[in-house]
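Enquirer:
Residue numbers (UniProt numbering): 1 to 136.
(1) In the DSSP assignment, find the alpha helix (DSSP H) that holds residue 39 and state where it starts and stops.
(2) Mark residue 65 as exposed unless 16 or more other C-beta atoms lie within 10 angstroms of its C-beta, in which case mark it buried.
(3) So does the stretch 79-88 actually touch the stretch 33-48, counting three or more Cβ pairs closer than 8 Å?
(4) When the distance is taken between beta carbons, is residue 125 closer than 8 Å to residue 15?
(5) Rounded to whole angstroms, what's the CA-CA distance from residue 26 to residue 68? Just pull it up for me.
(6) So, with DSSP's three-state summary, where would you put residue 3?
(7) Whole angstroms is fine: what's the gap from residue 28's alpha carbon to residue 10's?
(8) So the candidates are 17, 87, 48 and 60; which of them puts its Cα closest to the Cα of residue 100?
(9) If you check the beta carbons only, do residue 105 and residue 87 fall under 8 Å apart?
(10) Apply the 10 Å Cβ neighbour rule to residue 37 and answer buried if 16 or more other Cβ atoms are within range, or exposed otherwise.
(11) Using a 10 Å radius around the Cβ and a threshold of 16 neighbouring Cβ atoms, would you call residue 22 buried or exposed?
(12) For residue 17 and residue 119, what's the separation of their Cα atoms in angstroms?
(13) Please give me, in chain order, every unbroken run of the beta strand (DSSP E) with length at least 3 that falls completely inside the stretch 14-93.
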């Protein structure tokens with residue numbers, strides 16, 4: 001079986017880049033609305049810090065991958081895999097610790113967790129499934 005892990009990794013990051021705009025807008029609006037809500041949110045400062053840390057991690061991951069993927073493929077793939085650890089940690093906070101959590105927050109976090117696990121899986125497969133150049 002021929003597996004092109006590099007193409008799968010690229011596709012997952014392109015899906016993540018497409019998804020990031022919606023994720024950013026929704027999380028920004030939800031955090032702002034929680035801040036001004038009459039429903040008590042005891043740890044809104046910590047919740048907002050975790051949410052914006054997650055948004056910053058994803059932004060840095062996507063921008064750095066887009067900038068360095070042609071010149072430093074192995075290093076940037078490793079960097080993306082390690083950045084996913086931060087993404088998963090922030091999503092753990094959103095899914096398990098944050099209270100109250102909106103259903104949309106849960107849905108968006110679960111989608112991001114699935115994307116992150118797939119990125120880690122295909123990113124770690126890249127060294128074993130090297131693409132052979134077609135022009136040799």
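No residue lacks a Cβ here, since even glycine has one placed at the ideal position from N, Cα and C.
Expert: So, from the listed chains and residues:
(1) Reading the chain shown from its first residue, position 39 is the one you call residue 39. Careful: residue 39 lies outside any alpha helix (DSSP H) and carries neither H nor E.
(2) To locate residue 65, count along the chain shown from 1; it is residue 65. Residue 65 should be labelled buried.
(3) no
(4) Taking the chain shown and counting its residues from 1, one reaches residue 15 at position 15. Taking the chain shown and counting its residues from 1, one reaches residue 125 at position 125. The Cβ atoms of residue 15 and residue 125 lie no closer than 8 Å to each other.
(5) To locate residue 26, count along the chain shown from 1; it is residue 26. To locate residue 68, count along the chain shown from 1; it is residue 68. Going by the C-alpha atoms only, they are around 28 Å apart.
(6) Along the chain shown, read from residue 1 onward, the residue named residue 3 stands at position 3. Three-state DSSP puts residue 3 in coil, outside helix and strand.
(7) The residue labelled residue 28 in the question sits at position 28 within the chain shown. The residue labelled residue 10 in the question sits at position 10 within the chain shown. Using only the alpha carbons, I get a separation of about 27 Å.
(8) Within the chain shown, numbered from 1, the residue matching residue 100 stands at position 100. Nearest C-alpha to residue 100: 48.
(9) One-based indexing of the chain shown puts residue 105 at position 105. One-based indexing of the chain shown puts residue 87 at position 87. Cβ atoms of residue 105 and residue 87: not closer than 8 Å.
(10) Taking the first residue of the chain shown as 1, we reach residue 37 at position 37. It is exposed - the Cβ of residue 37 has fewer than 16 other Cβ atoms within 10 Å.
(11) The residue you call residue 22 lines up with position 22 of the chain shown. Its Cβ having fewer than 16 others within 10 Å, residue 22 is exposed.
(12) Within the chain shown, the letter at position 17 stands for residue 17. Within the chain shown, the letter at position 119 stands for residue 119. Approximately 13 Å, taken between the alpha carbons.
(13) none
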